[in-house]
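Here is the structure we will look at, set down as structure tokens.
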Amino acid sequence: MHKLLERQVKRYLGESAKLPPELAAFIAAVDDAYKGADADRLLIERSLDLMSKELTEANAGLRKELLERKHSDLALQEEKVEQRALIRKLEDVHSQLLQSEKMASIGQLAAGVAHEINNPIGFVYSNLGTLEKYVQDAFRLIDLYERAEKAIADPEVLNQLQAAKKKMDLAYLKTDLRALMDESKDGITRVKMIVQNLKDFSHADATDEWVTSDLHSGLDSTLSIVNNEIKYKANVVKGYGAIPAIECLPSQLNQVFMNLLVNAAHAIDERGTITIRTGCKGEEVWVDISDTGHGIPAENLQKIFDPFFTTKPIGKGTGLGLSLAYGIVQKHHGRLEVKSEVGKGSTFRLWLPVKQPTQ
Ligand SMILES: Nc1ncnc2c1ncn2[C@@H]1O[C@H](COP(=O)(O)OP(=O)(O)OP(=O)(O)O)[C@@H](O)[C@H]1O
Ligand SMILES: [Mg+2]
């Protein structure tokens, strides 16, 4: 008999109650019902258990899927960032390639022009030197004639002479001729310098040898050369770090330093500071040349390395300084970077490898 029913029967009908057959049949029927209900409950419990197990499994599966999706989302995002960086790098390389191609073709052109101009400029320059000597001789002779004037007895000749002197304004002619000669010589010297710059820019007659050299001594010797251009404009502050000697063409690097230093001085309107810092990182050495000058507007930053780009008045700048520097730095497998803020100043950073790659 079912335990619960047994307890009820004992409670209401006594321990050893003799039951009338109808009641016994009824209790047996109730007992069956109890047992049936128990069996049903067990079945329900078991199926509930089964269902809950299935649900837990499904839940775990879902959680795993969610985690996986989160991971793949993260991976996708990382990939996107990498792609963006790659695109930027590609753009950089592309613009560098364009720049160097432009430099190469301008270089050829410059070499040709420089070569053509070099000879005529050479003889004009040397003729000017001779002409100056002749003019000096002629003036010396005129001086002697002037002194001999008093000895002229014929008043007509004397009058003629004095009239001609007055008409020509000999005194003015003497000073102006000298000024004209000086100006012409100055002009020719400038043209010669431009031609030399063009030649250097294209490395047409580079006979330099690669040597291992200390950049600090190059910087110092360049500073002493350009001191005249700088001293009225800026105080020079040096912050030299410990850098190794590097494999380079020292005289060409000095030209880079010179151009950067002169540009820095030109950028300063009143009085300012030019700071030179050096240091190294990995297998590269860097040189910073900063100024407290007027800075470079963003729209010009792309153009300053272009040959002939200048913001200086005619006769002051050829616009070749930075393109020349760019070419030299490229030859050294280095980089030239610029940071500038209008009104605050600019910093040009030169990166150079300690050892040149073997060709
Ligand atoms: N430190 C600087 N601060 C501000 N502007 C600069 C600086 N350096 C260069 N620039 C700008 O870049 C231009 C190009 O410079 P680059 O040295 O090539 O030619 P330049 O100085 O004008 O002439 P030059 O051939 O005599 O050097 C300059 O005219 C100037 O506008
Ligand atoms: Mg310059």
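Going left to right, the sequence shown walks through residues 7 to 365 as our numbering numbers them.
Beta carbons are placed, not taken as given, at the ideal position from N, Cα and C, and that holds for glycine.
Task: Residues near L406 by beta carbon distance below 8 Å, same chain, minus five either side - done: Residue 406 cannot be examined here, being either before or after the span of the chain that is shown, 7 to 365.
Task: Chain-order list of residues whose beta-carbon lies under 8 Å from that of D275 (same chain, five-residue window excluded) - done: As a working mapping, residue 275 is identified with position 269 in the sequence shown. Cβ neighbours of D275 beyond the five flanking positions: G299, H300.
TODO: Evaluate D211 with the Cβ neighbour count: other Cβ atoms within 10 Å of its Cβ, from every protein chain shown; 16 or more gives buried, anything less gives exposed.
DONE: Residue mapping note: residue 211 aligns to position 205 of the sequence shown, counting from 1. Here the model assigns D211 a pLDDT of 49, short of 50, so the residue's position is not dependable, and the following value carries that caveat. It counts as exposed.
Open item on the list: Please report the straight-line C-alpha distance between Y332 and V360, rounded to a whole angstrom.
Closed with: Position 326 of the sequence shown, counting from 1, holds the residue named residue 332. Position 354 of the sequence shown, counting from 1, holds the residue named residue 360. Straight-line Cα distance between these residues: approximately 18 Å.
TODO: Measuring alpha carbon to alpha carbon, tell me which of V99, P161, N241, R283 ends up nearest G247.
DONE: Position 241 of the sequence shown, counted from the first residue, corresponds to residue 247. Per the Cα distances, R283.
Open item on the list: ligand 2 and V262: does the residue's C-beta get closer than 8 Å to at least one heavy atom of that ligand?
Closed with: Here residue 262 corresponds to residue number 256 of the sequence shown, with the count starting at 1. No, Cβ of V262 sits at least 8 Å from all heavy atoms of ligand 2.
TODO: Compute the distance between the beta-carbons of G278 and D297, then report whether it is under 9 Å.
DONE: Along the sequence shown, read from residue 1 onward, the residue named residue 278 stands at position 272. Along the sequence shown, read from residue 1 onward, the residue named residue 297 stands at position 291. Yes; because the gap between Cβ atoms is below 9 Å, this pair is in contact.
- [ ] Excluding the 5 residues preceding and the 5 following E74 in the sequence, name in chain order all residues of the same chain whose CB lies nearer than 6 Å to its CB.
- [x] The residue labelled residue 74 in the question sits at position 68 within the sequence shown. Excluding sequence neighbours, E74 sits near nothing in its chain.
Open item on the list: Can you determine whether any heavy atom of ligand 1 sits closer than 8 Å to the C-beta of V268, and answer yes or no?
Closed with: Indexing the sequence shown from 1 puts residue 268 at position 262. Checking the Cβ of V268 against ligand 1 gives yes.
Task: Helix, strand or coil at K171 [DSSP, three-state] - done: Position 165 of the sequence shown, counted from the first residue, corresponds to residue 171. DSSP places K171 in helix when its eight states are reduced to three.
TODO: Please work out which residues of its chain come closer than 8 Å, Cβ to Cβ, to P26, disregarding the five sequence neighbours upstream and downstream, and give them in chain order.
DONE: One-based indexing of the sequence shown puts residue 26 at position 20. Closer than 8 Å at the Cβ level, and outside the excluded window around P26, lies no residue.
TODO: Take D226 as the anchor and find which of L259, T218, I320 has the nearest alpha-carbon.
DONE: Here residue 226 is taken as the residue at index 220 of the sequence shown, counted from 1. D226 has its Cα closest to that of L259, out of L259, T218, I320.
Task: Nearest-angstrom Cα separation, counted from S53 out to K24 - done: In the sequence shown, the residue the question calls residue 24 occupies position 18. In the sequence shown, the residue the question calls residue 53 occupies position 47. Their backbone Cα atoms lie some 41 Å apart in a straight line.
Task: Three-state secondary structure (DSSP) of K287 - done: In the sequence shown, counting from the first residue as 1, residue 287 sits at position 281. Strand.
TODO: Going by DSSP, name the residue or residues bridged to A240.
DONE: The count along the sequence shown starts at 1 and reaches residue 240 at position 234. Listed as beta-bridge partners of A240 by DSSP are G278.
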